[in-house]
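Chemist: Protein chains in written order, with the working numbering: chain G, 115 to 489; chain S, 29 to 423.
All residues carry an ideal CB built from backbone N, CA and C; glycine is no exception.
Quick caveat: nothing in here was measured; it's all calculated off a predicted structure.
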Amino acid sequence: MKLSCLQENLAKGLSIVGRAVATRSTLPVLSNILLATDESRLKLSATNLEISVNCWVGANVTEEGAITVPARLLTDFVNSLPPERIDLSLIARTQTLNLRCGRYEANIKGIDAQEFPIILVPEEDKASQFATADLAKMIDRVVFAAATDESRPVLTGVHTELTPQGVTFAAADSYRLSVVSSPIPKAPAERISIIIPARALQELRRISGEAESVTMLVSSARNQVFFRMPEVELISQLVEGTFPDYRQIIPTTYNTRMVATTADLLQALRMAAIFARDAANIVRLQILPNEGGMGRLIVSATSAEHGDNVSELDVTVEGQPIEIAFNVRYLLDALEVIDTAQVALETRDPTSPGVIKPVGGQDFVHIIMPMHIAR
Amino acid sequence: MAEPQRWIIHVDLDAFFASVEELLNPELRGKPLVVGGAPGSRGVVASASYAARAYGIRSAMPVAQALRLCPDLIVLPHHFEEYAKRSAAVMAILHEITPAVEQISIDEAFLDVTGCERLWGPPVEIGRLIQRRVRDEVSLPVSLGIASNKLVAKIACDLGKPQGLVFVPTGTEASFLAPLPIERLWGVGKVTGARLRRLGIQTIGDLAAWDVESLERMLGKAGRALHTAALGQDASPIAGHRERHSISQERTFAQDLGDPEALGRTLLGMSEDLAARLRERHMVAQEVRIKLRYPDFRTITRQVKLPQPTDQAQVIHAHAAALFQKHWRPGERLRLLGLAVGGLLEGGGYQLDLFADVDKRRIRLNRALDEIRRRFGPEAITRASLAGRRGRRGD
């Protein structure tokens, strides 16, 4: 293998595949990045067996070949090189990769490319297509709600349903649920329902920045999903199991509905969060209707040791007065991904889920279970 | 309504052990003496009289080193019983002034005398009263610091030693602290001190003049806390005021018990009682702890942090039972079984579960049970598996 490429391009390619490198694996080759010539490009691959990323970098290839080298070592070395041409050549006998850039040179000992896992890419027929900007926004609205602990593995994934009408993503931990839907430029003819690891979608969000659109393919065995962009490919295992029937959880009625200015509510909650830090993050919302659909929202947080904070907002209220407590972090997580000027909170009673919706957007709904308070 | 002006008094007995020794043996008065380990051994100075301190002898210094500084030094063994007796007498005086006493060691305490003016006069008068009573009734020298918070009161007390009374009026905390070396601040040890000095921060005033953001960048969260402290601000309450941090229950068995079912029932019963007590106090717990004592008095405690705070017996019992399963080997007999809930949050709450509708039903059930117990007494209602438990206790 013999090729040359630009330092900037190689560094960028390495940062794209870098997060897919296994950090704690018993298989040494998984800590490596696969470098392989692919026609007139250099293909970089990394995998932790759950998520795999391929990235192509423009190169001048004079001799075909492939090698895997330790990801950290290669990335750190390339990042510290000047933005010039790098010549790479493989010393096949010792499986050593030689890199030269100006007056700098390094030899990195590798592992035979044959040992690197092969990831098969399926046919294109069931492809869906997303506009990257829309996809990024949808991912932002659901991934934070996915569970981070493994006690219920299905909840670490994002339930993804593709229909001819578009896509619906849903994620939940035991305390909150986020559901976002959107039509997409190209939808599959049949309904597909899978669970994608939240981590894979987060990674996709990070590396899809420059592509205008993303093509998604689901393997016919329904165990892998592929995201393809012009220079980058992400392949993820799917989460096995049955996602809870979340549609049943979304309340269809309410006794109180409040509409607030998103920015004002965010500000009041951020303030309350400071005081709630030492008090299990509890924030109390008192929704008080006045005449004519108007009303007040009183946001308060109390720390037994450090003091309290109260904010009052003018809001519109429909229905009964209510006092309900939430984990303020959950409220903030949800409000931070709402981009409409106004936001609605609907609920039935202090122990029923709070439903948060952007006002004027039908595509996003977020459910948060309240906190039970002792008094 | 405006908050009342807060007044905290820090009380610290001067060279406590050494002073008690002088009291026990008046001939020693005024002589360099220390209380500590025997000089041949690896003993250190526990307390040094002021006469000894004049030689540069300090607490925690090896006795051998102290003897090099002052060859005439009198080294006395501990008389802990005498110290404990005097300490209790002093604390009793403090408790007569106010119930808000936080004893931090055998010879040190904080008093919150906020609002005590009507009863005892202004804070400085209260200070003089304490000093006079400790001298007259226990015959011991004591120093006091009086300020609007614990941090400043303690530093004021240290500065006035021995037999001092230093009063820092409200609003002058920062200027009072400003000229002092940074090591006077609680939390500034050798390492942080050296680090701050490298930044050109010599005095507490230097530290207060820095901007919080830079301190936070360099020292992390501690940077912000140090800055607040350097300004003489401290909102920490007197611990004597605070709610208890755990509630516990123990059962000592009339005969050592090894029957898993009986032990399991004991745990369930205690879970019920503790949960009811939590709800009664409007508190939730974040920890569950079990205590096992074996016939040979060997005792272990094991605890687990709950994923969510709770006041529900079922949750407490589930974690207690899991801990018990993990640490009790079948066949082992127990002399005592204890259960405690800790990490208590006042008026706290816990997160309801999205997928568990049972949560709500459980809360309603427990509320009903509590109401029945409140009206008809704790024995009025119990779980079927516990029926007979309470009755048997009286057998």
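1) Which chain A residues are close to residue 377/S, counting only those with a beta carbon under 8 Å from its beta carbon?
2) The alpha helix (DSSP H) that contains residue 325/S, what's its start and end?
3) Please report the residue range of the alpha helix (DSSP H) in which residue 302/S lies.
4) Flag this pair as yes or no: are the beta carbons of residue 429/G and residue 386/G separated by less than 9 Å?
5) With a Cβ-Cβ cutoff of 9 Å, do residue 316/S and residue 348/S count as a contact?
6) In its own chain, which residues sit with a C-beta less than 6 Å from the C-beta of residue 266/S, not counting the 5 before and 5 after it?
7) Please check the pair residue 384/G and residue 446/G, which I expect to be a contact at CB under 8 Å, by giving their CB distance rounded to whole angstroms.
8) Exposed or buried, what is residue 485/G when buried is set at 16 or more other beta-carbons lying within 10 Å of its beta-carbon?
9) Whose Cβ in chain G lies nearer than 8 Å to the Cβ of residue 253/S?
10) Report the option in 55/S, 97/S and 339/S whose CA atom is closest to the CA atom of residue 392/S.
11) Helix, strand or coil for residue 248/S per DSSP?
12) Tell me where the alpha helix (DSSP H) around residue 246/G begins and ends.
13) Are the CB atoms of residue 188/G and residue 117/G within a distance shorter than 9 Å?
14) Mind listing the chain G neighbours of residue 320/S? Cutoff is C-beta to C-beta under 9 Å, in chain order.
15) Could you have a look at residue 150/G and say whether DSSP puts it in helix, strand or coil?
16) Between which two residues does the alpha helix (DSSP H) holding residue 192/G run?
17) Do you know how far the Cα of residue 193/G is from the Cα of residue 211/G?
18) Is the shortest distance between the beta-carbon of residue 180/S and the beta-carbons of chain G less than 9 Å?
19) Measure the C-alpha to C-alpha separation of residue 124/S and residue 381/G and round it to an integer number of angstroms.
20) Given that a residue counts as buried once 16 or more other Cβ atoms are within 10 Å of its Cβ, and exposed if not, what is residue 304/G?
21) Which of the residues in the stretch 348-365 of chain G, read from start to end, lie with their CB under 7 Å from any CB of chain S?
22) Across which residues does DSSP place residue 307/G in a beta bridge pair?
23) Step through the CB atoms of chain G and report whether any lies within less than 9 Å of the CB of residue 213/S.
24) Please report how far the alpha carbon of residue 156/S lies from the alpha carbon of residue 365/S, in whole angstroms.
25) When you check each C-beta in the stretch 284-309 of chain S against every C-beta of chain G, which residues fall closer than 9 Å?
26) Using 9 Å as the threshold, is the C-beta distance between residue 201/S and residue 260/S below it?
27) What residue ranges within the stretch 108-183 of chain S form continuous alpha helix (DSSP H) runs of no fewer than 4 residues, ordered along the chain?
28) Can you pull the chain S neighbours of residue 218/G, defined as C-beta to C-beta under 9 Å?
29) Would you call residue 182/S buried or exposed, if buried means 16 or more other Cβ atoms sit within 10 Å of its Cβ?
30) Measuring CB atoms only, is the stretch 403-411 of chain G touching the stretch 449-456 of chain G, in the sense that at least three cross pairs come out at less than 8 Å?
31) Measuring only between beta-carbons, confirm whether residue 289/G sits less than 9 Å from chain S.
32) Verify whether the separation of the beta carbon atoms of residue 310/G and residue 352/G is less than 9 Å.
33) Taking the alpha carbon of residue 257/S as the point to measure from, which residue in 198/S, 226/S and 178/S has its own alpha carbon closest?
34) Would DSSP call residue 215/G helix, strand or coil?
35) Count the other CB atoms within 10 Å of the CB of residue 229/G; is the residue buried (16 or more) or exposed (fewer)?
36) Between the Cα of residue 34/S and the Cα atoms of 121/S, 112/S, 88/S and 145/S, which residue gives the shortest distance?
Modeler: Looking at the coordinates:
1) Among the chains of the structure shown, chain A does not appear; the protein chains present are G and S.
2) Reading the second sequence from its first residue, position 297 is the one you call residue 325/S. Unbroken run through residue 325/S: none, as it is neither H nor E.
3) Taking the first residue of the second sequence as 1, we reach residue 302/S at position 274. If you look at residue 302/S, you'll find it in the alpha helix (DSSP H) that goes 288-308.
4) What you label residue 429/G is simply residue 315 of the first sequence in a count that begins at 1. What you label residue 386/G is simply residue 272 of the first sequence in a count that begins at 1. Not a contact, by the Cβ cut-off of 9 Å.
5) Against the second sequence, residue 316/S aligns to sequence position 288. Against the second sequence, residue 348/S aligns to sequence position 320. By the CB criterion at 9 Å, residue 316/S and residue 348/S fall inside the cutoff.
6) Position 238 of the second sequence, counted from the first residue, corresponds to residue 266/S. For residue 266/S, where only same-chain residues beyond five positions count, the Cβ hits under 6 Å are 128, 130, 138 and 140.
7) As a position in the first sequence, residue 384/G is number 270, starting the count at 1. As a position in the first sequence, residue 446/G is number 332, starting the count at 1. Taking a contact as a CB-CB distance under 8 Å, the pair residue 384/G and residue 446/G counts as one, their CB atoms being some 7 Å apart.
8) Residue mapping note: residue 485/G aligns to position 371 of the first sequence, counting from 1. By the 10 Å Cβ count, residue 485/G comes out buried.
9) Locating residue 253/S in the second sequence gives position 225, where the first residue counts as 1. Correct list: empty, because the minimum Cβ distance to chain G is about 13 Å.
10) Taking the first residue of the second sequence as position 1, residue 392/S is located at position 364. The shortest Cα separation from residue 392/S among 55/S, 97/S and 339/S belongs to 339/S.
11) Mapped onto the second sequence, residue 248/S falls at position 220. Coil, per DSSP.
12) The residue given as residue 246/G occupies position 132 in the first sequence. Here the alpha helix (DSSP H) through residue 246/G covers 246-256.
13) The residue labelled residue 117/G in the question sits at position 3 within the first sequence. The residue labelled residue 188/G in the question sits at position 74 within the first sequence. For residue 117/G and residue 188/G, no; Cβs fall outside 9 Å.
14) Locating residue 320/S in the second sequence gives position 292, where the first residue counts as 1. Within chain G, no residue comes near residue 320/S; the closest Cβ sits about 27 Å away, beyond 9 Å.
15) Reading the first sequence from its first residue, position 36 is the one you call residue 150/G. Correct three-state label for residue 150/G: strand.
16) By 1-based counting over the first sequence, the position of residue 192/G is 78. Where residue 192/G is concerned, the enclosing alpha helix (DSSP H) stretches over 185-193.
17) Along the first sequence, one-based indexing puts residue 211/G at 97. Along the first sequence, one-based indexing puts residue 193/G at 79. Straight across, the Cα-Cα distance linking residue 211/G with residue 193/G is about 16 Å.
18) Mapped onto the second sequence, residue 180/S falls at position 152. So no, residue 180/S is outside the interface.
19) The residue you call residue 124/S lines up with position 96 of the second sequence. The residue you call residue 381/G lines up with position 267 of the first sequence. Answer to the nearest angstrom: the Cα atoms are 47 Å apart.
20) Translated into the one-based positions of the first sequence, residue 304/G becomes position 190. With fewer than 16 other Cβ atoms within 10 Å, it is exposed.
21) Residues passing the 7 Å Cβ filter: 358 and 363.
22) For the purposes of this step, residue 307/G is taken as residue 193 along the first sequence, with counting starting at 1. 275/G.
23) For the purposes of this step, residue 213/S is taken as residue 185 along the second sequence, with counting starting at 1. Not closer than 9 Å to any Cβ of chain G, the Cβ of residue 213/S fails to qualify, so no.
24) By one-based count along the second sequence, residue 156/S stands at place 128. By one-based count along the second sequence, residue 365/S stands at place 337. Taking the straight line joining both Cα atoms gives about 49 Å.
25) The residues in question are 306, 307 and 309.
26) As a working mapping, residue 201/S is identified with position 173 in the second sequence. As a working mapping, residue 260/S is identified with position 232 in the second sequence. Closer than 9 Å, so yes.
27) If we require 4 residues or more, the alpha helix (DSSP H) runs fully inside the stretch 108-183 of chain S come out as 108-125, 145-148 and 151-161.
28) Position 104 of the first sequence, counting from 1, holds the residue named residue 218/G. By Cβ distance, chain S contributes nothing, its closest Cβ being about 33 Å from residue 218/G, past 9 Å.
29) To locate residue 182/S, count along the second sequence from 1; it is residue 154. Residue 182/S comes out buried.
30) No: fewer than three Cβ pairs fall under 8 Å.
31) The sequence position of residue 289/G within the first sequence is 175, counting from 1. At least one chain S Cβ lies under 9 Å of residue 289/G.
32) Start at 1 with the first residue of the first sequence, and residue 310/G comes out as number 196. Start at 1 with the first residue of the first sequence, and residue 352/G comes out as number 238. The criterion of a C-beta distance shorter than 9 Å is satisfied by residue 310/G and residue 352/G.
33) Counting from one through the second sequence, the residue named residue 257/S turns up at place 229. It is 178/S.
34) Position 101 of the first sequence, counted from the start, is the residue given in the question as residue 215/G. In this structure, residue 215/G counts as strand in the three-state DSSP scheme.
35) Locating residue 229/G in the first sequence gives position 115, where the first residue counts as 1. Under a 10 Å Cβ-count criterion, residue 229/G is classified as exposed, with fewer than 16 other Cβ atoms of the shown protein chains found around its own Cβ.
36) The residue labelled residue 34/S in the question sits at position 6 within the second sequence. Among 121/S, 112/S, 88/S and 145/S, the Cα nearest to that of residue 34/S is on 145/S.
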